[in-house]
Structures are given as C-alpha cells and as structure tokens.
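Note sheet for the following structure.
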Amino acid sequence: MFLLLEKYATERWGLEAFEDVMDAATPRLVTRDPFVGPGSYPDADLVTLVDAAAAASGTIADDLLRDFGRFCFPPLLSRFPWALGGHDLPSFLCTLERTLQIDAQKLLPGVKTPSFRFRAEANRLRVEYRSPRRMCSLAEGLLEGAALHFGARLDLRKRACLHTGADACAWDGTVT
Ligand code: HEM
Numbered sequence: 074m075f076l077l078l079e080k081y082a083t084e085r086w087g088l089e090a091f092e093d094v095m096d097a098a099t100p101r102l103v104t105r106d107p108f109v110g111p112g113s114y115p116d117a118d119l120v121t122l123v124d125a126a127a128a129a130s131g132t133i134a135d136d137l138l139r140d141f142g143r144f145c146f147p148p149l150l151s152r153f154p155w156a157l158g159g160h161d162l163p164s165f166l167c168t169l170e171r172t173l174q175i176d177a178q179k180l181l182p183g184v185k186t187p188s189f190r191f192r193a194e195a196n197r198l199r200v201e202y203r204s205p206r207r208m209c210s211l212a213e214g215l216l217e218g219a220a221l222h223f224g225a226r227l228d229l230r231k232r233a234c235l236h237t238g239a240d241a242c243a244w245d246g247t248v249t
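Counted from 1, the sequence shown has number 234 at position 161 by my numbering; the numbering is strictly sequential.
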C-alpha cells in the first residue's frame, strides 16, 4: 500500500509534489526508515500520508482514498495474478471473498487483509466490509477499479458504515 501510494502520488502530482508531501508528513510518521517493498508498516502512517497528500492537493481525504483505490486495482492484479478468478465482476468478487485471506497469508505471512462478504443476484450486489482499519473509501475505489477491469459500471449505495458505529460497512450495488 505504501509503495502504491508513492506511485499514485508521483503519477498524479509529480515527484516534487510527492516529496513535499513526505516532508510535511515525516515528523508525524511512526516509521523512521524509508518505506521498502516487502516491509509492513503501521496503519497510522498510511493515514498520516493520505491526510498530508489530501491537504497538499486540496482534496478531501475520503475522495483521495477512493481515487487511490481505483488506481490500485490494476497494479494489485499484476502483482497477484492468481487473484483474478471468475469471468465477470460478481463472480470475481465472490471468489475473492473465499480465497483472498487464505492466499494472501500464504504469500505475505502476517499481512492483514480485510474481510468481505459479497452476495450477487442478477445484476444486484450486496457488499459487507469489516476491518479494524476502517478504510471503506479505499474499498469503494477498489470495487470501482475492479468494475472498470471487467468493463462494467458499478453504482454503489452505502447502507451502513463502520465510522458511524455499524459493525460493518454495507453497500447495495447495481452492475451494468
Ligand atoms: C475489489 C476488490 C478488493 C477490495 C474491495 C479490496 C479492499 C482492500 C482494502 C480496503 C484494504 C485496506 C486494508 C483494510 O481495509 O484492512 C486492502 C488491503 C489489502 N488487499 Fe485488497 N481489495 C481488493 C482486491 C485485492 C486483490 C485482488 C488482492 C490481491 C491479492 C488484494 C490484496 C490485499 C492485500 C495484500 C492487502 C494488505 C495490504 C497491506 O497491508 O499493505 N486485494 N484491500
């Protein structure tokens, strides 16, 4: 996630702007060393970096996380091509629900992936997301990125949110 955020910020705003974001965020980061690929870093640092990038770009942090999620989907799939099961968006998501946690653990021991429930019926989709990181805007962006990958359009309507005390974020979606 950290390296993808660097790639995202550099592509969106350029290297210099990204370095300004890092300079602004560094005093508030728990991590003292540079972020490297296989490392695992405190969630708080991701939040600090997103907040700094949002402030520097005049974006709302949730909007930035959603856009970042859309950006992340293609590179995630290139890194973990085995995760692409199913032939369309609903079947992909239902497969992912079963395999992601187990397979990600095998590949990246100790990594904490969120937990999802996907229910698909015709072109309707119900999604539930649970994670102590409460990054539902990132999840929305990733879902939209997945829809783009399958050439589909996904309209999501949020029914419940971890940020307002629900035990899961829940969306009703329509896939067209
Ligand atoms: C539409 C599909 C997907 C959604 C909605 C989704 C959502 C998320 C979210 C919201 C997070 C942030 C952490 C959290 O909330 O606890 C996350 C992390 C993660 N996801 Fe996904 N994801 C999707 C697809 C994938 C795929 C295809 C892979 C490939 C293996 C993947 C691997 C991971 C990993 C390894 C992390 C942990 C990253 C870290 O700790 O640095 N995800 N995902």
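Beta carbons: idealized from backbone N, C-alpha and C, even for Gly.
Computed from a predicted model, the values in this text were never measured in an experiment.
**Message:** Looking at Leu198: is its Cβ nearer than 8 Å to the Cβ of Phe191?
**Reply:** Taking 8 Å as the Cβ cut-off, Leu198 and Phe191 qualify as a contacting pair.
**Contact test: Leu250 Cβ vs the ligand HEM heavy atom, cutoff 7 Å** = Nothing can be reported for residue 250, as the shown portion of the chain is limited to 74 through 249.
**Message:** Check this for me: beta carbons of Cys145 and Tyr202, under 8 Å apart or not?
**Reply:** With respect to Tyr202, Cys145 sits apart: the two C-beta atoms are not nearer than 8 Å.
**Prompt:** For the 8 Å Cβ check, are there 3 or more pairs between the stretch 127 to 135 and the stretch 81 to 99?
**Reply:** Touching, yes.
**Request:** Name the one or two DSSP bridge partners that Thr168 has.
**Result:** For Thr168, no pairing in a beta bridge is given by DSSP.
**Request:** Jot down the residue ranges of each uninterrupted alpha helix (DSSP H) in the stretch 177 to 247, minimum 4 residues, whole runs only, in chain order.
**Result:** As far as the stretch 177 to 247 is concerned, its whole alpha helix (DSSP H) runs of at least 4 residues are 209 to 222.
**Asked** Does the ligand HEM have a heavy atom nearer than 7 Å to the CB of Phe141?
**Response** Checking every heavy atom of the ligand HEM against the Cβ of Phe141, none is found closer than 7 Å.
**Request:** Please work out which residues of its chain come closer than 6 Å, Cβ to Cβ, to Phe91, disregarding the five sequence neighbours upstream and downstream, and give them in chain order.
**Result:** If you ignore the 5 residues before and after Phe91, its C-beta comes within less than 6 Å of the C-beta of Ala82 and Thr83, all in its own chain and listed in chain order.
**Asked** Using the beta-carbon count (16 or more within 10 Å), is Tyr99 buried or exposed?
**Response** Here the sequence assigns Thr to residue 99, which means Tyr is not the residue at that position. Burial call: exposed.
**Message:** What I want to know is whether the C-beta of Val184 ends up closer than 7 Å to one or more non-hydrogen atoms of the ligand HEM.
**Reply:** Yes, the ligand HEM has a heavy atom inside 7 Å of this Cβ.
**Prompt:** Between the stretch 136 to 153 and the stretch 205 to 217, are three or more C-beta pairs nearer than 8 Å?
**Reply:** The stretch 136 to 153 vs the stretch 205 to 217: in contact.
**Message:** Considering only their Cβ atoms, is the gap separating Ala156 from Leu173 smaller than 8 Å?
**Reply:** One thing to note: Leu173 has its Cβ within 8 Å of the Cβ of Ala156.
**Message:** Restricting to Cα atoms, I'd like to know which of Leu119, Cys167, Ile133 and Cys209 is closest to Leu235.
**Reply:** Measuring from the Cα of Leu235, the nearest candidate turns out to be Cys209.
**Asked** Is the CB-CB distance between Gly110 and Leu77 below 8 Å?
**Response** The Cβ atoms of Gly110 and Leu77 lie no closer than 8 Å to each other.
**Asked** What number of angstroms, rounded off, separates the C-alpha of Arg226 from the C-alpha of Ala193?
**Response** Straight-line Cα distance between these residues: approximately 15 Å.
**Asked** Secondary structure at Pro107, three-state DSSP: helix, strand or coil?
**Response** Here Pro107 sits in coil by DSSP.
**Request:** State yes or no: is the C-beta of Ala219 within less than 8 Å of the C-beta of Phe153?
**Result:** Contact: no.
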